[in-house]
Structure formats: structure tokens, C-alpha cells
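Novice:
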Amino acid sequence: SHTRAFLVETMGRNCGYLAMMAGLAGGAEVISTPEFEVSAFEIAERLRAAYERGKTHAIVVLAEGVKENAAHILEYFESNRGMAGFELRATVLGHVVRGAPPTAFDRLLATRLGVAALTSLAEGVSGVLIGEQRGEITRTPLAEIAGRTKPISTNLIDLARVLAQ
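Just so you know, we're using full-length UniProt numbering here: the sequence shown kicks off at 1 and counts up by one.
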């Protein structure tokens with residue numbers, strides 16, 4: 001049996017929210033985002049610790065905006081063979097995931113947002129983002145959100161660390 005680690009690079013040049021959610025949902029041992037970067041050395045150390053705990057597989061999730069991207073991590077593992085106890089394979093998801101079939105939740109949300117957008121236009125309201133917050137459809141003026149990114153909660157970072165143990 002092989003001891004393999006899989007590195008998945010997701011979209012997220014400026015914000016690591018997608019990588020964080022994918023890593024949490026997939027049980028990743030390491031999640032590296034632009035907001036909370038993990039170096040190649042630290043990734044190898046965490047994987048080594050997982051290997052020493054008896055793990056035979058591991059998942060590493062990177063957001064595309066991290067300084068040490070998938071190519072860099074692969075190069076580091078290649079030049080430090082055996083350091084982590086795992087053979088590393090990588091895949092860059094890019095836009096492939098956008099082609100996945102929508103779930104029932106996706107369809108319902110799209111319908112609700114579309115209806116709210118049309119209602120806003122019919123009411124003469126423009127310059128707003130139609131979104132969902134706490135289950136309710138909302139309108140947020142574009143001036144309030146232009147140029148901002150959604151920060152990753154430190155609670156999610158803590159959760160990822162606990163789950164990786």
C-alpha cells in the first residue's frame with residue numbers, strides 16, 4: 001500500500017474562503033490560504049507528524065493566491081524526498097469545478113436570487129448586490145462592498161487545526 005498525500009489547489013487568488021471550506025469538508029491535514037499561509041517546510045512537518053501517527057494518506061488544500069503554490073510545494077517535496085513520509089500528488093482544480101452539475105440547493109438559491117434581482121429592477125433599485133444572509137435574501141449597496149474580500153474567521157482556522165489532528 002502507498003502512503004500518498006494529495007495536494008489540491010483551488011481558486012482563491014485573493015481570498016482563501018473556498019480553500020478553507022473545501023479543506024474542512026474534505027478532512028485536509030493542511031489548508032493554506034492567502035490570509036493564513038503555511039510554508040512548504042511546515043506542510044512537510046505536519047504531514048510527517050500525521051505519518052508518525054499512523055496515517056497512510058493525507059490531503060493538503062491550497063488557495064491559488066498563496067506564495068508557495070502547488071508547483072513550489074511539489075518541487076520542495078521532490079528535493080526533500082522522504083521527509084514527510086508521503087509521496088505527493090497534485091491537482092489544480094481551476095475552473096473545472098465550475099462545470100459541475102448544480103445541486104438542489106444551488107438551483108433554489110439561484111432562483112431566489114434571480115427573483116430578488118428582477119424585483120429590485122422592477123422597483124427601480126440598482127447598484128446593489130443581491131445575496132443571502134442567515135437564510136434571508138438581502139440587498140447590499142455596491143459602494144459598501146466594492147474592493148473588499150470576506151475574511152476567513154479565525155474560528156475556522158482553529159477548527160481546521162483541531163480536525164487535522
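Where a beta carbon is used, it is the ideal one built from N, C-alpha and C, also for glycine.
Bear in mind that the values here come from a model prediction, so they are computed numbers and not experimental data.
If contacts are defined as beta-carbon pairs under 8 angstroms, then A90 and E68 qualify, I think. What distance do you get, rounded to the angstrom?
Specialist: About 12 angstroms separates the two Cβ atoms, so there is no contact after all.
Novice: Report the residue ranges of all alpha helix (DSSP H) runs contained in full by the UniProt domain "Phosphofructokinase" (1–119); include only those spanning at least 4 residues, in chain order.
Specialist: Taking only runs of at least 4 residues, the alpha helix (DSSP H) segments lying wholly in the UniProt domain "Phosphofructokinase" (1–119) are 17–26, 40–52, 70–79.
Novice: Assuming F77 and Y51 form a contact by the criterion Cβ under 8 angstroms, report the distance between their Cβ atoms to the nearest whole angstrom.
Specialist: About 13 angstroms; that fails the 8 angstroms criterion.
Novice: Out of P34, N155, G27, state which residue places its alpha-carbon closest to the alpha-carbon of Q165.
Specialist: G27
Novice: Should P101 be labelled buried (16 or more other beta-carbon atoms within 10 Å of its own) or exposed?
Specialist: exposed
Novice: Grouping DSSP H, G and I as helix and E and B as strand, with all else coil, what is T138?
Specialist: strand
Novice: Between V38 and A70, how many whole angstroms is the CB-CB distance? I'm expecting something under 8 angstroms.
Specialist: Taking 8 angstroms as the upper bound for CB-CB distance, V38 and A70 are not in contact here, some 13 angstroms apart.
Novice: Taking 8 angstroms as the threshold, find out whether the region 2–15 comes into contact with the region 52–67 through three or more Cβ pairs.
Specialist: yes
Novice: Cutting at 7 angstroms between CB atoms, please list the residues of its own chain near P141, excluding the five before and the five after it.
Specialist: Hits under 7 angstroms: G127, V128.
Novice: Out of S79, G114, T119, L88, point me to the one whose CA is closest to T56's CA.
Specialist: L88
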